[in-house]
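Beneath this line is the structure, given in structure tokens, with notes to follow.
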Amino acid sequence: MTDPVPPKRIFPDAKVDAEAAKHIPSSPQTEHAAYDLAFQDKDFLLRPDLRPVRFQLELLKPELFLDEQKIGSTFVFYGSARVPEPVKAQALLAAARTDKERVIAERLVAKSRYYDVARELAQLVSKTDRDEDGQRHFVVCSGGGPSFMEAANRGAQDVGAESIGLNIVLPHEQLPNPYVTPSLSFQFHYFALRKMHFLLRARAVAVFPGGFGTFDEMFELLTLIQTGKVRPLPILLYGREFWERVVNFPALVEEGVISERDLDLLTWCETAEEGWGHVCDYYAREEAKAAAE
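Here the numbering used here is used: the sequence shown runs in plain steps of one and ends on residue 307.
Written out as structure tokens, the structure is:
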């Protein structure tokens, strides 16, 4: 006598009930919103009271999709959405009509060279092989928008690799750039959940010149490492001239609000090879340390 094989489940799948609910006869009771299945009732899900549930959904959906697509780790790219690629930056300079416009355009031209650096760095990291479990590592992950984010996704596509885009709903429309892999293109309502997904799988981060958003993302990561909430990982800071002009890092040490060793969390880089080389060296050292313990 063979052992009986029990069914995998005894409750109907939610999809089955959702489909069945479409065919319920009409009546005053069934037509009222109260009768809608809770998980299909958008007005209910959008109520202020349901914010904790929406938090969970924004955490869970990308997590499940990335797990299913075997994304083991990511290489995150931060940077401005306003610095165009070199050709477009030159066009802005040519179109400048006032001294102020010309100065801004000249500075954008100076920073635009990092578009090509970000693209090349993404090409290098996207060639990483899968591990023995089929997991993909150092998968390019950006905010999914234009500028340096676009360059990162574009670089991955250049070498036939998939890449992630974590977009967010903004008052001014920001569509995903065309180089993000469609099945890895996510849209967020909450900045906090978006930033969490940037770091959950991050094993290296490249930070290019940027404004408030880039500052927010970079300094949150530095704070998490400084306070021991996140293990140290390579943080590549591109554009030393820009960063030293807009942030006086040594002054923070002189003022006693950070320690000198906190500056070691950042690695200054100018080229793609330099950045990827640092990441490779970093993890080679980590592997050697682990083997020695």
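All C-beta atoms in this analysis are idealised placements derived from N, C-alpha and C, irrespective of residue type, glycine included.
Cβ-based neighbour list, residue i, same chain, cut-off 6 Å, excluding 5 preceding and 5 following
i: valine 221; result: Tyr92, Met232, Leu251
i: glutamine 171; result: Tyr193
i: alanine 136; result: Val154, Ala166, Gly169, Ala170
i: histidine 151; result: Gly86, Ser87, Thr142
i: leucine 73; result: Leu207
Distance, residue j Cα to residue i Cα
i: asparagine 191; j: asparagine 167; result: 8 Å
i: alanine 265; j: aspartate 230; result: 19 Å
i: histidine 211; j: leucine 277; result: 25 Å
i: phenylalanine 200; j: histidine 186; result: 17 Å
i: glycine 289; j: glutamate 33; result: 51 Å
i: arginine 217; j: tryptophan 282; result: 17 Å
i: glycine 227; j: lysine 209; result: 11 Å
i: leucine 71; j: glutamate 284; result: 39 Å
i: lysine 75; j: arginine 127; result: 35 Å
i: arginine 23; j: lysine 29; result: 14 Å
Cβ neighbour criterion (16 or more within 10 Å) applied to residue i
i: glutamate 82; result: exposed
i: leucine 80; result: buried
i: serine 40; result: exposed
i: valine 90; result: buried
i: valine 19; result: exposed
i: glutamate 268; result: exposed
i: leucine 138; result: buried
i: glutamate 301; result: exposed
i: arginine 133; result: buried
i: tyrosine 49; result: exposed
Under the three-state DSSP convention, the category residue i falls into
i: glutamine 308; result: The displayed coordinates of the chain run from 15 to 307. Any statement about residue 308 would go beyond what the structure contains.
i: asparagine 167; result: helix
i: leucine 251; result: strand
i: arginine 208; result: helix
i: phenylalanine 91; result: strand
i: arginine 111; result: coil
i: leucine 180; result: strand
i: valine 261; result: coil
i: threonine 281; result: strand
i: alanine 119; result: helix
Nearest-angstrom beta carbon gap, residue j and residue i [assumed within contact, 8 Å]
i: serine 161; j: alanine 95; result: 5 Å
i: glycine 159; j: asparagine 181; result: 7 Å
i: alanine 35; j: leucine 59; result: Actually they do not touch by this definition, with Cβ atoms about 16 Å apart.
i: histidine 203; j: arginine 68; result: 7 Å
Beta-carbon contacts of residue i that lie in its chain and below 8 Å, excluding the five residues immediately before and after
i: leucine 279; result: Leu236, Ile239, Gln240, Pro246, Ile249
i: leucine 122; result: Arg96, Val97, Pro98, Ala103, Leu106, Leu107
i: leucine 214; result: Glu77
i: arginine 31; result: As written in the sequence, residue 31 is aspartate, which differs from the arginine given in the question. Around aspartate 31: Leu51.
i: glycine 225; result: Ser94, Arg96
Other residues of its chain near residue i: CB distance less than 7 Å, five sequence neighbours each side excluded
i: lysine 84; result: Gly148, Gln149, Arg150
i: phenylalanine 263; result: Leu277
i: lysine 125; result: Val97, Pro223, Gly253, Phe256
i: aspartate 55; result: Ala47
Residue i at chain C interface by Cβ criterion, 7 Å
i: alanine 218; result: Of the protein chains in this structure there is only one, and it is not chain C.
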